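Here the structure comes first, spelled out in structure tokens, and everything after it is commentary.
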Amino acid sequence: MRLKLHIWRQASGSKNGDFVEYNMPDVSEDMSFLEMLDVLNEKLISDGKDPVAFDHDCREGICGMCGMVINGRPHGPRVATTTCQLHMRSFKDGDEIWIEPWRAQSFPVLKDLVVDRTSFDRIIQAGGYISVRTGSAPEANNLLIPKPDADTAFDAAACIGCGACVAACPNASAMLFTSAKVSHLGHLPQGQAERSRRVRSMVARMDAEGFGGCTNHRECEAACPKQISIFHIARLNRDLIKAQLTTQEEKAVSEGAG
Amino acid sequence: MELNSNCPTGPIEKRWEKHRFDMKLVNPANKRKYNLIVVGSGLAGGAAAATLGELGYNVRCFCYQDSPRRAHSIAAQGGINAAKNYQNDGDSIYRLFYDTVKGGDFRARESNVYRLAELSVNIIDQCAAQGVPFAREYSGHLANRSFGGAQVSRTFYARGQTGQQLLLGAYQALEKQVNVGNVKMNSRSEMLELIVVNGRARGIVTRDMISGKIESHLADAVILATGGYGNVFYLSTNAKGCNVTAGWRAHRRGALFANPCYTQIHPTCIPVSGEYQSKLTLMSESLRNDGRVWVPKRKEDTGKSPQDIAEGDRDYYLERKYPSFGNLVPRDIASRNAKDVCDEGRGVGPGGLGVYLDFSDAIRRLGQPAIAERYGNLFDMYERITGENPYQLPMRIYPAIHYTMGGLWVDYNLMSNLPGLFVAGEANFSDHGANRLGASALMQGLADGYFIIPYTIGNYLAQTKLEAVSDSTAEAREALQAAEARVKTLLNINGKRSPDSFHKELGKLCWDKCGMARDAKGLEEAIRRIPEIREEFWKNLRVLGEGGSLNQTLEKAGRVADFLEFGELMCLDALKREESCGGHFRTEHQTEDGEAKRDDENFTYAAAWEWKGEGQAHALHKERLDFEYVKPTQRSYK
Numbered sequence: 232m233r234l235k236l237h238i239w240r241q242a243s244g245s246k247n248g249d250f251v252e253y254n255m256p257d258v259s260e261d262m263s264f265l266e267m268l269d270v271l272n273e274k275l276i277s278d279g280k281d282p283v284a285f286d287h288d289c290r291e292g293i294c295g296m297c298g299m300v301i302n303g304r305p306h307g308p309r310v311a312t313t314t315c316q317l318h319m320r321s322f323k324d325g326d327e328i329w330i331e332p333w334r335a336q337s338f339p340v341l342k343d344l345v346v347d348r349t350s351f352d353r354i355i356q357a358g359g360y361i362s363v364r365t366g367s368a369p370e371a372n373n374l375l376i377p378k379p380d381a382d383t384a385f386d387a388a389a390c391i392g393c394g395a396c397v398a399a400c401p402n403a404s405a406m407l408f409t410s411a412k413v414s415h416l417g418h419l420p421q422g423q424a425e426r427s428r429r430v431r432s433m434v435a436r437m438d439a440e441g442f443g444g445c446t447n448h449r450e451c452e453a454a455c456p457k458q459i460s461i462f463h464i465a466r467l468n469r470d471l472i473k474a475q476l477t478t479q480e481e482k483a484v485s486e487g488a489g
Numbered sequence: 002m003e004l005n006s007n008c009p010t011g012p013i014e015k016r017w018e019k020h021r022f023d024m025k026l027v028n029p030a031n032k033r034k035y036n037l038i039v040v041g042s043g044l045a046g047g048a049a050a051a052t053l054g055e056l057g058y059n060v061r062c063f064c065y066q067d068s069p070r071r072a073h074s075i076a077a078q079g080g081i082n083a084a085k086n087y088q089n090d091g092d093s094i095y096r097l098f099y100d101t102v103k104g105g106d107f108r109a110r111e112s113n114v115y116r117l118a119e120l121s122v123n124i125i126d127q128c129a130a131q132g133v134p135f136a137r138e139y140s141g142h143l144a145n146r147s148f149g150g151a152q153v154s155r156t157f158y159a160r161g162q163t164g165q166q167l168l169l170g171a172y173q174a175l176e177k178q179v180n181v182g183n184v185k186m187n188s189r190s191e192m193l194e195l196i197v198v199n200g201r202a203r204g205i206v207t208r209d210m211i212s213g214k215i216e217s218h219l220a221d222a223v224i225l226a227t228g229g230y231g232n233v234f235y236l237s238t239n240a241k242g243c244n245v246t247a248g249w250r251a252h253r254r255g256a257l258f259a260n261p262c263y264t265q266i267h268p269t270c271i272p273v274s275g276e277y278q279s280k281l282t283l284m285s286e287s288l289r290n291d292g293r294v295w296v297p298k299r300k301e302d303t304g305k306s307p308q309d310i311a312e313g314d315r316d317y318y319l320e321r322k323y324p325s326f327g328n329l330v331p332r333d334i335a336s337r338n339a340k341d342v343c344d345e346g347r348g349v350g351p352g353g354l355g356v357y358l359d360f361s362d363a364i365r366r367l368g369q370p371a372i373a374e375r376y377g378n379l380f381d382m383y384e385r386i387t388g389e390n391p392y393q394l395p396m397r398i399y400p401a402i403h404y405t406m407g408g409l410w411v412d413y414n415l416m417s418n419l420p421g422l423f424v425a426g427e428a429n430f431s432d433h434g435a436n437r438l439g440a441s442a443l444m445q446g447l448a449d450g451y452f453i454i455p456y457t458i459g460n461y462l463a464q465t466k467l468e469a470v471s472d473s474t475a476e477a478r479e480a481l482q483a484a485e486a487r488v489k490t491l492l493n494i495n496g497k498r499s500p501d502s503f504h505k506e507l508g509k510l511c512w513d514k515c516g517m518a519r520d521a522k523g524l525e526e527a528i529r530r531i532p533e534i535r536e537e538f539w540k541n542l543r544v545l546g547e548g549g550s551l552n553q554t555l556e557k558a559g560r561v562a563d564f565l566e567f568g569e570l571m572c573l574d575a576l577k578r579e580e581s582c583g584g585h586f587r588t589e590h591q592t593e594d595g596e597a598k599r600d601d602e603n604f605t606y607a608a609a610w611e612w613k614g615e616g617q618a619h620a621l622h623k624e625r626l627d628f629e630y631v632k633p634t635q636r637s638y639k
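Keeping their order, the protein sequence lines are chains A and B. Reading the first sequence from the start, the letters are residues 232 to 489 in the numbering used here. Reading the second sequence from the start, the letters are residues 2 to 639 in the numbering used here.
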């Protein structure tokens, strides 16, 4: 099939960007979206032009590294599908495709379609873990976890940290991402000791990183390639209110051994 | 060179305990005075960095992705083995040890494998405590399944995303240490050189992939946890960025590379659909529990729709040849048989490189909902990629490179022959011999990272007197300049071909000559051809742009350059190993009925190769393998 692409080109974060048009005369429907960009890049290299920079790694929809806004939708038209798993049979001959990076203040563009998502790492640093010193864990089956709780925790833990939720949200909120971790750990008995501190600290970090607030547009849920439910946002809000009412602000964070 | 494995002696079940007691300790107050570098943030690297940070060492961790959570461990699907014997079905540490040594076709070190089996139980405890959402029974207990042909149910899993969940556990522990300041994380950084001072590994040179800045980082010890080299074949199930550069650069600085010819091919991957194919996607091996593998009996039928081929015209070749294991034969056997039927011209799909994996009998027997419950996510993935509905048409599958058992040579302490250079996870060669069993990669990565290196590195530091080094130390300056010069050279060739075009050419050659089946003639041809491709690479490569900013073509070029050297060593190792074992199948060495034939008398050793300099032949060093507990036998799955 023949396609016309409009791709966001931006040399670096400090330069202005713009859409550039590329004609793709011969695209196979069996190609993945990223393979189509590979073909374009090989052509650009042979023409002596700078290839399009984009993030990708596993190309199996699990690492969370890829992501671009395709015709206005993060990861493109297919439900529950990352960009790398999107195939060209989702498009038809003669289509025009607009390709942009995630747009959010907290995800600054580094080049073309590549953005900096280290703000997500910093949200996890703020409390997205259960503290357990290596080697000090009790026998695993001493802790029984009802299957429904384990399943709900898993549903939340399936988040791949791609950032599509932020890109989809009109407020660029990171609530779905943050709540997925809060809810995953909060559903497990191991996660109770730090539950209050975790939610307060992660939400504070999320705000400090410049992500917007959640006003229930539900765009995040629709864009999420792992179909994480906004149920987890409700869960976060409940935990947050409870934590604010029942616990005091932490003064210091204790260190590990050493 | 004398290769000393430094394995403890005595009864095998006491060796690790004895060794741990014999090891020297670093005083808690002194730990923060030591600087450690961890390259790679997957299960092995992430677990090691988190644990070393927690112990109080000063750790810097590097990864090429934008976040440590993206390391390719994340893509592992099936599960992780542990000898918990929760199912009361006769499992034990000894049995897991036995199965792993046998599964590795008697080419692994017994002491290491026993330790791995022993630590497997601690891994599950650790990960469950971290909040890894393992599958559970309704009683709340951990669930298990049987995997990869094992006769006991010892595999723990988290749906089809076990690697992801284990990695996120390690990642979260790592980020906690970043938060308290014990670990400094450098993402989007690629290691380009190892710094060796007075024979000891003392640091690395990296390129910041955003700013392009090339810098040296000095330390008291370096841990490489940089994964496998499967991408030498271009098409593999590895992530696109996986590469051999860190290991190869260390090799060129003196670290021995062991058993590079041991590569594992996974039988159930989605076949190649065209020239543009960029990677291959694995479909969990569990599909073979209910799917039946077949091809048409006659070549003429390969073009027909599978529904139009009558039952009597189908060849269920695995069931025919291996009546007792049928479709569940081990990975290497399933893969080789698929290749054989395709070589006979009976393959299906584009290019004739595929076989059917058919669920119609299972759907008739159990109903579509039952099959959807078991494999729904895999069927969906297949449909997304191929556009075909596997509930109606049989899947097409073909083998693909998936894991590499070879790697940098290490002793029992996971230290290479270069003191101060430790190697963990898939990057080392230690535990899987010539073939890895399903659900054992995650186990090894985490055992190395959480439970082995944190002990053995202390032992090294406590008894080693290290001189002060800095960026201006001659060796550090030399390594930095070498990395800078190389980047400059890559940018200034100004030829015509892209790095990918060379990578594809190398990959195809390696797959044809050093893939599922190998022979001397083909390997000799590859060894002749690879230097020619390499020569053209350095004359005709085109990398546009500059080194001082994000330049993905430049990154690829550096990795392909190293694959072009590594590929030759892999073929050489395959040529010199005149036997078949595990994933290494030499067509000259097979039994009358086409099975792998080992030569224990001459090849019961690990082949550790030494770099002798540019244009010089590699030197081979042999580490003899002794089997005191598991006596070598011929594997049989008939």
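Idealized CB from N, CA, C, for every residue including glycine. Since the structure is predicted, the reported quantities are computational estimates derived from the model, not experimental observations.
Do you know how far the Cα of residue 390 (chain B) is from the Cα of residue 433 (chain B)? Counted from its first residue, the second sequence places residue 433 (chain B) at position 432. Counted from its first residue, the second sequence places residue 390 (chain B) at position 389. Looking at the two C-alpha atoms, the distance is approximately 36 Å.
is_contact[residue 395 (chain B), chain A] using C-beta, thresh 9 Å: For this step, residue 395 (chain B) is matched to residue 394 along the second sequence. No, residue 395 (chain B) does not count as interfacial toward chain A.
Which of helix, strand or coil does DSSP assign to residue 396 (chain A)? If you number the first sequence from 1, residue 396 (chain A) lands on position 165. Correct three-state label for residue 396 (chain A): helix.
Counting only runs of 4+ residues fully inside the segment 344-426 of chain B, write out the alpha helix (DSSP H) ranges in chain order. 361-367, 369-387
Give, in chain order, every unbroken run of the alpha helix (DSSP H) that is at least 4 residues long and sits entirely within the segment 495-525 of chain B. 500-515
Using only the alpha-carbon positions, how far apart do residue 264 (chain A) and residue 14 (chain B) sit? Taking the first sequence and counting its residues from 1, the one referred to as residue 264 (chain A) is at position 33. Taking the second sequence and counting its residues from 1, the one referred to as residue 14 (chain B) is at position 13. So the two alpha carbons sit approximately 52 Å from each other.
Proximal residues of chain B, C-beta to C-beta of residue 372 (chain A) below 7 Å: For the purposes of this step, residue 372 (chain A) is identified with residue 141 of the first sequence, where counting begins at 1. The contacting residues are 87, 142, 143.
Proximal residues to residue 233 (chain A) (C-beta, below 8 Å), its chain only, five neighbours per side dropped: Position 2 of the first sequence, counted from the start, is the residue given in the question as residue 233 (chain A). Within the same chain, residue 233 (chain A) has close Cβ partners 254, 255, 256, 257, 258, 324, 325.
Okay, do the segment 146-160 of chain B and the segment 336-347 of chain A touch, 3+ Cβ pairs below 8 Å being the bar? no
List, in order along the chain, the chain A residues whose C-beta lies closer than 8 Å to that of residue 126 (chain B)? By 1-based counting over the second sequence, the position of residue 126 (chain B) is 125. Ordered by position in chain A, the residues that pass the 8 Å Cβ test against residue 126 (chain B) are 368, 369, 370, 371.
Compute the Euclidean distance between the alpha carbons of residue 202 (chain B) and residue 372 (chain B), then round it to the nearest angstrom. The count along the second sequence starts at 1 and reaches residue 202 (chain B) at position 201. The count along the second sequence starts at 1 and reaches residue 372 (chain B) at position 371. C-alpha separation (whole angstroms): 52 Å.
Reduced DSSP secondary structure (H/G/I, E/B, other) of residue 375 (chain A): Translated into the one-based positions of the first sequence, residue 375 (chain A) becomes position 144. Three-state DSSP puts residue 375 (chain A) in coil, outside helix and strand.
Find the residues of chain B that neighbour residue 360 (chain A), judging by a C-beta separation of less than 7 Å, and give them in chain order. Residue mapping note: residue 360 (chain A) aligns to position 129 of the first sequence, counting from 1. Chain B residues near residue 360 (chain A): 173, 174, 176, 177.
Contact the segment 407-415 of chain A vs the segment 378-389 of chain A: 3+ CB pairs below 8 Å: yes
CB contact below 9 Å: residue 554 (chain B) versus chain A: Within the second sequence, residue 554 (chain B) is the residue found at index 553, counting from 1. Residue 554 (chain B) counts as touching chain A.
Select from the segment 203-225 of chain B all residues with a C-beta closer than 9 Å to any C-beta belonging to chain A, and list them in chain order. 211
Is the shortest distance between the beta-carbon of residue 463 (chain A) and the beta-carbons of chain B less than 9 Å? Position 232 of the first sequence, counted from the first residue, corresponds to residue 463 (chain A). Judged by the 9 Å Cβ criterion, residue 463 (chain A) is not in contact with chain B.
Quick one: does residue 291 (chain A) have its CB under 9 Å from some CB of chain E? Absent from the structure is chain E; the protein chains it does hold are A and B.
Please report how far the alpha carbon of residue 636 (chain B) lies from the alpha carbon of residue 628 (chain B), in whole angstroms. In the second sequence, residue 636 (chain B) corresponds to position 635, counting from 1. In the second sequence, residue 628 (chain B) corresponds to position 627, counting from 1. Taking the straight line from one Cα to the other gives about 16 Å.
Give a yes or no on whether 9 Å exceeds the smallest Cβ distance from residue 66 (chain B) to chain A. Translated into positions along the second sequence, residue 66 (chain B) becomes position 65. It does; some Cβ of chain A falls within 9 Å.
State the beta-bridge partners of residue 253 (chain A) as determined by DSSP. As a working note, residue 253 (chain A) is residue 22 in the first sequence. Its beta-bridge partners are A:236.
Using a beta-carbon distance below 9 Å, is residue 363 (chain A) in contact with chain B? Mapped onto the first sequence, residue 363 (chain A) falls at position 132. Closer than 9 Å: yes.
Residue 386 (chain B) versus chain A: which residues are under 8 Å apart at the beta carbon? Start at 1 with the first residue of the second sequence, and residue 386 (chain B) comes out as number 385. Within 8 Å Cβ-Cβ: 263, 316, 318.
Quick one: what's got a C-beta closer than 8 Å to residue 457 (chain A)'s C-beta in the same chain, skipping five residues either side? Locating residue 457 (chain A) in the first sequence gives position 226, counting from the first residue. Closer than 8 Å at the Cβ level, and outside the excluded window around residue 457 (chain A), lie 311, 389, 390, 391.
Look up residue 120 (chain B) in the DSSP assignment and say whether it is helix, strand or coil. Position 119 of the second sequence, counted from the first residue, corresponds to residue 120 (chain B). Helix, per DSSP.
For residue 84 (chain B), does the three-state DSSP call read helix, strand or coil? Residue numbering aside, residue 84 (chain B) sits at position 83 when the second sequence is read from its first letter. Here residue 84 (chain B) sits in coil by DSSP.
Among B:256, B:362, B:299, B:340, whose alpha-carbon lies nearest the alpha-carbon of residue 289 (chain B)? Mapped onto the second sequence, residue 289 (chain B) falls at position 288. Of the listed residues, the one whose Cα sits closest to residue 289 (chain B) is B:362.
Any beta carbon from chain B within less than 9 Å of residue 475 (chain A)'s own beta carbon? Start at 1 with the first residue of the first sequence, and residue 475 (chain A) comes out as number 244. Chain B contact via Cβ: absent.
Hey, is residue 138 (chain B)'s beta-carbon within less than 9 Å of any beta-carbon in chain A? For the purposes of this step, residue 138 (chain B) is taken as residue 137 along the second sequence, with counting starting at 1. Yes, because at least one Cβ of chain A sits closer than 9 Å to the Cβ of residue 138 (chain B).
Quick one: which residues of the segment 496-522 of chain B get their C-beta closer than 7 Å to a C-beta of chain A? List them in chain order. 499, 501
CA-to-CA distance, residue 435 (chain A) to residue 418 (chain B), given in whole angstroms: Here residue 418 (chain B) refers to the residue found at position 417 when the second sequence is read from its first residue. Here residue 435 (chain A) refers to the residue found at position 204 when the first sequence is read from its first residue. C-alpha separation (whole angstroms): 48 Å.
Leaving aside the five residues before and after residue 620 (chain B) along the sequence, list all residues of the same chain whose C-beta is less than 6 Å from its C-beta, in chain order. Here residue 620 (chain B) is taken as the residue at index 619 of the second sequence, counted from 1. Once the five neighbours on either side are set aside, the close Cβ partners of residue 620 (chain B) are 611, 613.
Look at residue 609 (chain B) and residue 257 (chain B) and say whether their C-beta atoms are less than 9 Å apart. Numbered from 1 along the second sequence, position 608 holds the residue referred to as residue 609 (chain B). Numbered from 1 along the second sequence, position 256 holds the residue referred to as residue 257 (chain B). Cβ distance < 9 Å, so residue 609 (chain B) and residue 257 (chain B) count as in contact.
Alpha carbon to alpha carbon, how far is residue 30 (chain B) from residue 601 (chain B)? Numbered from its first residue, the second sequence carries residue 30 (chain B) at position 29. Numbered from its first residue, the second sequence carries residue 601 (chain B) at position 600. Answer to the nearest angstrom: the Cα atoms are 50 Å apart.
Going along the chain, which residues of the segment 327-346 of chain A sit with their C-beta nearer than 8 Å to a C-beta in chain B? 341, 342, 345
Rounded to the nearest angstrom, how far is the Cβ of residue 265 (chain B) from that of residue 405 (chain B), given a contact under 8 Å? If you number the second sequence from 1, residue 265 (chain B) lands on position 264. If you number the second sequence from 1, residue 405 (chain B) lands on position 404. Confirmed, about 7 Å.
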